[in-house]
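Read through the structure below, which is laid out as C-alpha coordinates, and then see the notes.
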Amino acid sequence: MTLIEKPAETNIYLNDLIARRYSPRAFDPNKSIEHDKLLSILEAARWAASSSNLQPWRFIVAPKENETEFNKILSVIKEGNIPWAKNAGVLMIGVINKYRRPDVLNRHASHDLGAAIGQMVLQALEHDIYVRQMGGFFPDKAREVYNIPEEFEAYTAIAFGYKTSDLSHLTDAHREREMAQRERQPMESFVFNGDWEQTADFLK
3 MTLIEKPAET
13 NIYLNDLIAR
23 RYSPRAFDPN
33 KSIEHDKLLS
43 ILEAARWAAS
53 SSNLQPWRFI
63 VAPKENETEF
73 NKILSVIKEG
83 NIPWAKNAGV
93 LMIGVINKYR
103 RPDVLNRHAS
113 HDLGAAIGQM
123 VLQALEHDIY
133 VRQMGGFFPD
143 KAREVYNIPE
153 EFEAYTAIAF
163 GYKTSDLSHL
173 TDAHREREMA
183 QRERQPMESF
193 VFNGDWEQTA
203 DFLK
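So the sequence shown is residues 3 to 206, counted in this note's numbering.
This is the structure we're talking about:
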(Lines of atoms letter the chains of each structure in order from A and count residues from 1; the text may use other names and numbers.)
(Lines give C-alpha, C1' and ligand atoms only; values in the text may rest on other atoms or scores of the structure.)
Protein backbone atom coordinates (compact mmCIF):
# COMPACT_ATOMS: atom_id res chain seq x y z
CA MET A 1 0.00 0.00 0.00
CA THR A 2 1.10 3.55 -0.70
CA LEU A 3 1.13 6.33 1.87
CA ILE A 4 -2.08 8.33 2.15
CA GLU A 5 -1.79 11.86 0.80
CA LYS A 6 -4.44 14.53 1.33
CA PRO A 7 -3.35 17.68 -0.48
CA ALA A 8 -5.62 20.69 -0.07
CA GLU A 9 -8.12 20.93 -2.94
CA THR A 10 -8.08 24.60 -3.88
CA ASN A 11 -7.72 26.85 -6.90
CA ILE A 12 -5.96 29.46 -4.79
CA TYR A 13 -2.17 29.33 -4.44
CA LEU A 14 -0.86 27.68 -1.26
CA ASN A 15 2.67 27.01 -0.12
CA ASP A 16 3.36 23.32 -0.71
CA LEU A 17 3.92 22.56 2.98
CA ILE A 18 0.58 24.13 3.91
CA ALA A 19 -1.17 22.23 1.12
CA ARG A 20 0.34 18.90 2.23
CA ARG A 21 -0.39 19.35 5.92
CA TYR A 22 -2.99 17.16 7.57
CA SER A 23 -3.21 15.37 10.91
CA PRO A 24 -2.75 11.59 10.53
CA ARG A 25 -3.06 8.91 13.15
CA ALA A 26 -1.19 6.26 11.13
CA PHE A 27 2.36 6.68 12.43
CA ASP A 28 5.15 4.19 11.72
CA PRO A 29 5.99 2.51 15.06
CA ASN A 30 9.39 1.43 13.75
CA LYS A 31 10.74 4.87 12.84
CA SER A 32 12.24 7.24 15.38
CA ILE A 33 12.71 10.93 14.70
CA GLU A 34 16.36 11.77 14.18
CA HIS A 35 17.98 14.04 16.76
CA ASP A 36 18.89 16.79 14.30
CA LYS A 37 15.35 16.86 12.90
CA LEU A 38 13.84 17.09 16.37
CA LEU A 39 16.12 20.03 17.16
CA SER A 40 15.11 21.65 13.85
CA ILE A 41 11.42 21.33 14.81
CA LEU A 42 11.99 22.84 18.24
CA GLU A 43 14.11 25.63 16.77
CA ALA A 44 11.12 26.59 14.60
CA ALA A 45 9.10 27.12 17.78
CA ARG A 46 11.88 29.24 19.26
CA TRP A 47 11.56 31.75 16.42
CA ALA A 48 7.77 32.09 16.47
CA ALA A 49 6.17 35.49 17.06
CA SER A 50 4.70 36.24 20.48
CA SER A 51 3.03 39.16 22.23
CA SER A 52 5.71 41.48 23.70
CA ASN A 53 8.22 38.74 22.81
CA LEU A 54 7.28 36.93 26.03
CA GLN A 55 7.62 33.50 24.37
CA PRO A 56 5.15 31.94 26.86
CA TRP A 57 5.42 28.42 25.42
CA ARG A 58 7.07 25.47 27.15
CA PHE A 59 7.36 21.94 25.74
CA ILE A 60 7.74 18.68 27.61
CA VAL A 61 9.41 16.40 25.04
CA ALA A 62 9.69 12.62 24.96
CA PRO A 63 11.39 10.84 22.03
CA LYS A 64 10.21 7.27 21.62
CA GLU A 65 13.66 5.81 22.33
CA ASN A 66 13.46 7.24 25.85
CA GLU A 67 10.90 4.67 26.94
CA THR A 68 10.48 5.99 30.48
CA GLU A 69 9.71 9.55 29.39
CA PHE A 70 7.60 8.43 26.43
CA ASN A 71 5.40 6.28 28.67
CA LYS A 72 5.18 9.17 31.12
CA ILE A 73 3.48 11.32 28.49
CA LEU A 74 1.33 8.39 27.35
CA SER A 75 0.09 8.13 30.93
CA VAL A 76 -1.58 11.56 30.68
CA ILE A 77 -3.19 10.95 27.27
CA LYS A 78 -6.82 9.88 27.14
CA GLU A 79 -7.46 6.22 26.43
CA GLY A 80 -9.01 6.77 23.00
CA ASN A 81 -5.82 8.35 21.66
CA ILE A 82 -3.33 5.84 23.05
CA PRO A 83 -3.68 3.11 20.33
CA TRP A 84 -2.27 5.46 17.69
CA ALA A 85 -0.27 7.92 19.84
CA LYS A 86 1.95 5.10 21.13
CA ASN A 87 3.31 4.71 17.57
CA ALA A 88 4.50 8.31 17.29
CA GLY A 89 8.22 9.05 17.14
CA VAL A 90 7.98 11.91 19.64
CA LEU A 91 5.29 12.98 22.09
CA MET A 92 5.08 16.45 23.60
CA ILE A 93 2.97 18.42 26.03
CA GLY A 94 2.55 22.07 25.07
CA VAL A 95 2.41 24.35 28.14
CA ILE A 96 1.76 28.08 28.52
CA ASN A 97 2.89 30.60 31.09
CA LYS A 98 -0.47 32.19 31.97
CA TYR A 99 0.98 35.49 33.21
CA ARG A 100 2.70 38.50 31.70
CA ARG A 101 3.75 39.54 35.19
CA PRO A 102 2.93 37.90 38.53
CA ASP A 103 -0.36 39.81 38.82
CA VAL A 104 -1.27 40.26 35.11
CA LEU A 105 -2.72 37.48 32.97
CA ASN A 106 -1.35 37.04 29.45
CA ARG A 107 -4.52 36.62 27.40
CA HIS A 108 -2.43 35.99 24.28
CA ALA A 109 -0.46 33.05 25.72
CA SER A 110 -2.53 30.29 24.13
CA HIS A 111 -2.50 32.15 20.81
CA ASP A 112 1.29 32.36 20.97
CA LEU A 113 1.60 28.66 21.79
CA GLY A 114 -0.53 27.94 18.72
CA ALA A 115 1.72 30.11 16.58
CA ALA A 116 4.80 28.24 17.83
CA ILE A 117 3.20 24.86 17.18
CA GLY A 118 2.12 26.00 13.71
CA GLN A 119 5.74 26.71 12.84
CA MET A 120 6.80 23.36 14.29
CA VAL A 121 4.22 21.58 12.14
CA LEU A 122 5.54 23.13 8.93
CA GLN A 123 9.18 22.59 9.88
CA ALA A 124 8.37 18.95 10.64
CA LEU A 125 6.72 18.55 7.24
CA GLU A 126 9.91 19.72 5.55
CA HIS A 127 11.44 16.55 7.03
CA ASP A 128 8.38 14.43 5.98
CA ILE A 129 7.35 14.24 9.64
CA TYR A 130 3.63 14.67 10.32
CA VAL A 131 1.91 16.02 13.41
CA ARG A 132 -1.35 15.42 15.23
CA GLN A 133 -2.41 17.60 18.14
CA MET A 134 -4.66 16.34 20.91
CA GLY A 135 -7.09 18.00 23.24
CA GLY A 136 -7.68 14.47 24.52
CA PHE A 137 -5.30 14.42 27.48
CA PHE A 138 -5.54 15.13 31.22
CA PRO A 139 -4.07 18.57 32.07
CA ASP A 140 -4.46 18.06 35.83
CA LYS A 141 -2.68 14.72 35.64
CA ALA A 142 0.09 16.32 33.57
CA ARG A 143 0.49 18.96 36.28
CA GLU A 144 0.84 16.24 38.89
CA VAL A 145 3.17 13.99 36.89
CA TYR A 146 5.51 16.82 35.86
CA ASN A 147 5.18 19.12 38.89
CA ILE A 148 4.01 21.97 36.64
CA PRO A 149 3.86 25.21 38.67
CA GLU A 150 0.50 26.88 39.19
CA GLU A 151 1.33 29.82 36.92
CA PHE A 152 1.66 27.43 33.98
CA GLU A 153 -1.04 25.41 32.21
CA ALA A 154 -0.70 22.23 30.16
CA TYR A 155 -2.63 23.14 27.03
CA THR A 156 -2.25 20.44 24.39
CA ALA A 157 -0.58 17.11 23.65
CA ILE A 158 1.24 16.67 20.35
CA ALA A 159 2.37 13.59 18.41
CA PHE A 160 5.12 13.72 15.76
CA GLY A 161 5.97 10.82 13.49
CA TYR A 162 6.59 9.37 10.08
CA LYS A 163 3.48 8.14 8.29
CA THR A 164 2.79 4.51 7.47
CA SER A 165 0.46 2.86 4.98
CA ASP A 166 -0.35 0.16 7.56
CA LEU A 167 -3.64 1.08 9.22
CA SER A 168 -4.07 -2.20 11.09
CA HIS A 169 -3.34 -0.66 14.50
CA LEU A 170 -6.20 1.84 14.16
CA THR A 171 -9.75 1.32 15.35
CA ASP A 172 -12.40 0.99 12.67
CA ALA A 173 -13.57 4.55 13.32
CA HIS A 174 -10.04 5.96 13.15
CA ARG A 175 -9.28 3.96 10.01
CA GLU A 176 -12.36 5.41 8.33
CA ARG A 177 -11.28 8.94 9.27
CA GLU A 178 -7.76 8.27 8.03
CA MET A 179 -9.10 7.33 4.61
CA ALA A 180 -11.67 10.15 4.40
CA GLN A 181 -11.11 13.23 2.29
CA ARG A 182 -10.35 16.50 4.02
CA GLU A 183 -13.18 19.01 4.29
CA ARG A 184 -13.05 22.73 4.90
CA GLN A 185 -15.65 25.46 5.27
CA PRO A 186 -15.79 27.93 2.37
CA MET A 187 -13.90 31.18 2.87
CA GLU A 188 -17.19 33.08 2.74
CA SER A 189 -18.22 31.48 6.03
CA PHE A 190 -15.41 33.02 8.08
CA VAL A 191 -14.09 36.11 6.25
CA PHE A 192 -16.24 39.20 6.92
CA ASN A 193 -16.31 42.96 6.58
CA GLY A 194 -18.96 45.65 6.81
CA ASP A 195 -20.81 43.84 9.61
CA TRP A 196 -20.63 40.61 11.58
CA GLU A 197 -21.04 37.59 9.25
CA GLN A 198 -21.45 39.86 6.25
CA THR A 199 -19.41 38.27 3.48
CA ALA A 200 -16.35 40.34 2.69
CA ASP A 201 -16.92 42.41 -0.45
CA PHE A 202 -13.67 41.23 -2.05
CA LEU A 203 -14.97 37.64 -2.00
CA LYS A 204 -18.15 38.40 -3.97
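For glycine and all other residues, C-beta sits at the position ideal for the given N, C-alpha and C.
*Going by Cα to Cα distance, which pick from 55, 87, 72 and 121 is closest to residue 99?*
Position 97 of the sequence shown, counted from the first residue, corresponds to residue 99. Of the candidates 55, 87, 72 and 121, the residue whose Cα lies closest to the Cα of residue 99 is 55.
**Asked** What residue from 40, 51 and 78 has the CA that sits closest to residue 65's CA?
**Response** Your numbering for residue 65 matches position 63 in the sequence shown. Ranking 40, 51 and 78 by CA distance to the CA of residue 65 puts 40 first.
Practice problem: Give the DSSP-derived three-state secondary structure of residue 148 in the structure shown. | Solution: Indexing the sequence shown from 1 puts residue 148 at position 146. Looking at residue 148 - three-state DSSP - the assignment turns out to be helix.
For residue 70, the first and last residue of its enclosing alpha helix (DSSP H)
Against the sequence shown, residue 70 aligns to sequence position 68. Start and end: 69-76.
Notebook entry, point to check: Just how far apart, CA to CA, sit residue 151 and residue 93?
Noted result: Here residue 151 corresponds to residue number 149 of the sequence shown, with the count starting at 1. Here residue 93 corresponds to residue number 91 of the sequence shown, with the count starting at 1. Each residue's alpha carbon lies about 21 Å from the other.
* To do: State yes or no: is the C-beta of residue 119 within less than 8 Å of the C-beta of residue 79?
  => Here the question's residue 119 lines up with position 117 in the sequence shown. Here the question's residue 79 lines up with position 77 in the sequence shown. Cβ distance not < 8 Å, so residue 119 and residue 79 don't count as in contact.
- Using 8 Å as the threshold, is the stretch 3-21 in touch with the stretch 171-187, meaning 3 or more CB pairs across them? Per the Cβ contact rule, the stretch 3-21 is in contact with the stretch 171-187 (3 or more Cβ pairs under 8 Å).
- Message: According to DSSP, is residue 165 part of a helix, a strand, or is it coil?
- Response: On the sequence shown, position 163 is the one that residue 165 refers to. Strand at residue 165.
Exercise for review: Measure the alpha-carbon distance for residue 7 versus residue 116 and round it to whole angstroms.
Suggested key: Residue numbering aside, residue 7 sits at position 5 when the sequence shown is read from its first letter. Residue numbering aside, residue 116 sits at position 114 when the sequence shown is read from its first letter. If you take the alpha carbons of residue 7 and residue 116, they lie about 24 Å apart.
Roughly how many whole angstroms lie between the Cα atoms of residue 82 and residue 204?
Mapped onto the sequence shown, residue 82 falls at position 80. Mapped onto the sequence shown, residue 204 falls at position 202. Inter-residue distance for residue 82 and residue 204 is about 43 Å (C-alpha atoms, whole angstroms).
Does the Cβ of residue 4 have 16 or more other Cβ atoms within 10 Å, making it buried, or fewer, making it exposed?
Start at 1 with the first residue of the sequence shown, and residue 4 comes out as number 2. Under this definition residue 4 is an exposed residue.
**Prompt:** To the nearest whole angstrom, what separates the beta carbons of residue 97 and residue 139, a pair I think is in contact under 8 Å?
**Reply:** For the purposes of this step, residue 97 is taken as residue 95 along the sequence shown, with counting starting at 1. For the purposes of this step, residue 139 is taken as residue 137 along the sequence shown, with counting starting at 1. The Cβ separation is near 12 Å, so there is no contact.
Task: residue 131, enclosing beta strand (DSSP E) - first and last residue - done: As a first step, residue 131 is located in the sequence shown; it is residue number 129 there, counting from the start. From DSSP, residue 131 is part of no beta strand (DSSP E); its letter is neither H nor E.
(request) Work out the CA separation of residue 26 and residue 165 for me, nearest whole Å. (result) Residue numbering aside, residue 165 sits at position 163 when the sequence shown is read from its first letter. Residue numbering aside, residue 26 sits at position 24 when the sequence shown is read from its first letter. Taking the straight line from one Cα to the other gives about 7 Å.
Tell me the DSSP secondary structure of residue 81 in three-state form.
For this step, residue 81 is matched to residue 79 along the sequence shown. Note: residue 81 maps to helix in three-state DSSP.
Exercise. By a C-beta neighbour count over all protein chains shown, 10 Å radius and 16 as the cutoff for buried, is residue 108 buried or exposed?
Worked result: Within the sequence shown, numbered from 1, the residue matching residue 108 stands at position 106. By the neighbour-count rule (16 or more Cβ atoms within 10 Å), residue 108 is buried.
- request: Note down the Cα distance separating residue 128 from residue 174, rounded to an integer number of angstroms.
  value: As a first step, residue 128 is located in the sequence shown; it is residue number 126 there, counting from the start. As a first step, residue 174 is located in the sequence shown; it is residue number 172 there, counting from the start. Roughly 30 Å between the two C-alpha positions.
- Message: Tell me the rounded alpha-carbon separation between residue 33 and residue 67.
- Response: Here residue 33 is taken as the residue at index 31 of the sequence shown, counted from 1. Here residue 67 is taken as the residue at index 65 of the sequence shown, counted from 1. Looking at the two C-alpha atoms, the distance is approximately 10 Å.
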